[in-house]
């Protein structure tokens, strides 16, 4: 009987770890949890900390996560890691930055969209591109 | 002889341009490969989250998250528009904007109002010219965009949605079909009705810590963020692919131009030699 559990640690940007393990320890929001094979299905949030994975040859791998979600099914453990430290105030700062940039770049302009102008502009660009395409086809044939 | 020197200079300048476009083509080809790898790397995360969400939604039909709930009365629409930061990538951005404008005009006709969050410098320039209500933007993400750079822009829309300032959220970006084809798409990301898949029928349920509601809220936010992130990554693949093709045709065109100019140059040279010869022969005969 294989007493191992499949562990996948992924973030939105990349896969961090994937492999078999004897046991996994994760910093759940209510306290550290240890997951052995055939654990009952569980979903919990993680707080920043270290996920420890005991791989079958006895070694232990430590992976730092800055929060995320832990999903456990009897034979699969998935850690959906956040990519960065997430705190409410940091998120607010990011929002402000995005807004500020928009205001800086988009000064003295109308909130009303000039559809006609936009369509004219785009039609022109696309016509140019098509003309180039046609020219190319003609000259190559 | 007149003309030959000008033609020579012209050939040299076209050759220089060709060198640049060739280099750009090769750079774009290698960047495209890397961007595609990143695209693949971002996929498992979104898939996993989607699985857990549909499971949760199925296991807890009584709890409704605002992000999952369809609203009857739609008055205002949110758009997240993803474009490239740089040009020289053929019609990629123009096609995307055309598709966007088409939809916006339709919505405008129905009396809906629109708010936008813009990612990418090209879209900023475009909407700066034509107008529109822009709430936030994120530009200059580079070839390896980081989630941190997008969080602010996404949160603006998520907050607006929760506060019912917008009733629907659409994501506008290019989909990577293959290196020759990229299609502009407009995809509704909020609300996301959970897939009612019978195979997922929940005979079992998770243990939730701290509780299902909080986990689901957190998951939904992460899900939307990962959707936007993967679209940004995909759009970069599209950008590099489009640039590769555009630069390839530019190099080919330069090659053709050089051939033609070379022909003209040779003819001019030959003509001048013939003329000189006949002058010499004529001169000798006169003596």
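Chains as they are written, first to last, in this note's numbering: chain Y, 2 to 142; chain D, 2 to 288.
Quick reminder that beta carbons are idealized off the backbone N, C-alpha and C, glycines included.
Got a sec? Which residues, its chain only, sit under 8 Å from residue 5 (chain Y) by beta carbon, not counting five neighbours each side?
21, 22, 23, 38 and 57
Spatial distance of residue 39 (chain D) from residue 179 (chain D) (CA atoms):
15 Å
Does the Cβ of residue 80 (chain D) have 16 or more other Cβ atoms within 10 Å, making it buried, or fewer, making it exposed?
buried
Helix, strand or coil for residue 78 (chain Y) per DSSP?
strand
For a contact meaning CB atoms closer than 7 Å, what does residue 15 (chain Y) contact in chain D?
42
Does DSSP put residue 91 (chain D) in a helix, in a strand, or in coil?
coil
Starting from the C-beta of residue 23 (chain D), find all residues in its chain whose C-beta is less than 8 Å away, skip the five residues before and the five after it, and write them out in chain order.
248 and 252
Is the Cβ of residue 81 (chain Y) closer than 7 Å to any Cβ of chain D?
yes
Which residues in chain Y sit within 8 Å of residue 88 (chain D), going by Cβ to Cβ distance?
Here the premise fails: no neighbours, minimum Cβ distance about 11 Å.
Whole-angstrom C-beta distance between residue 95 (chain Y) and residue 153 (chain D), which should lie under 8 Å:
3 Å
Cutting at 6 Å between CB atoms, please list the residues of its own chain near residue 77 (chain Y), excluding the five before and the five after it.
7
Is the Cβ of residue 230 (chain D) closer than 7 Å to any Cβ of chain Y?
yes
I'd like the ranges of any alpha helix (DSSP H) spanning at least 4 consecutive residues and lying wholly in the segment 121-155 of chain D.
122-131
Cβ shell of residue 9 (chain D) (< 7 Å), same chain only, five flanking positions each side left out:
266
Shortest alpha-carbon distance to residue 132 (chain Y) belongs to which of D:100, D:159, D:98 and D:92?
D:92
Assign residue 181 (chain D) to buried or exposed, taking buried as 16 or more other Cβ atoms, counted over all protein chains shown, within 10 Å of its Cβ.
exposed
Quick check: is the beta carbon of residue 43 (chain Y) nearer than 7 Å to any beta carbon in chain D?
yes
Pairs of beta-carbons, one from the segment 87-105 of chain D and one from the segment 136-147 of chain D, closer than 8 Å: are there three or more?
no
Does residue 65 (chain D) have its Cβ less than 7 Å from a Cβ in chain Y?
no
Against chain Y, with Cβ distances strictly below 7 Å, would residue 98 (chain D) count as a contact?
yes
Give the single residue among D:103, D:164, D:122 and D:119 whose Cα lies nearest to the Cα of residue 121 (chain Y).
D:103
Does DSSP classify residue 124 (chain Y) as helix, strand or coil?
helix
For a contact meaning CB atoms closer than 8 Å, what does residue 45 (chain D) contact in chain Y?
9, 11 and 16
Using 8 Å as the cut-off, can you tell me whether the segment 207-215 of chain D makes contact with the segment 40-56 of chain Y, which would need three or more C-beta pairs spanning the two stretches below that distance?
yes
Could you tell me whether the Cβ of residue 123 (chain Y) comes closer than 7 Å to any Cβ of chain D?
yes
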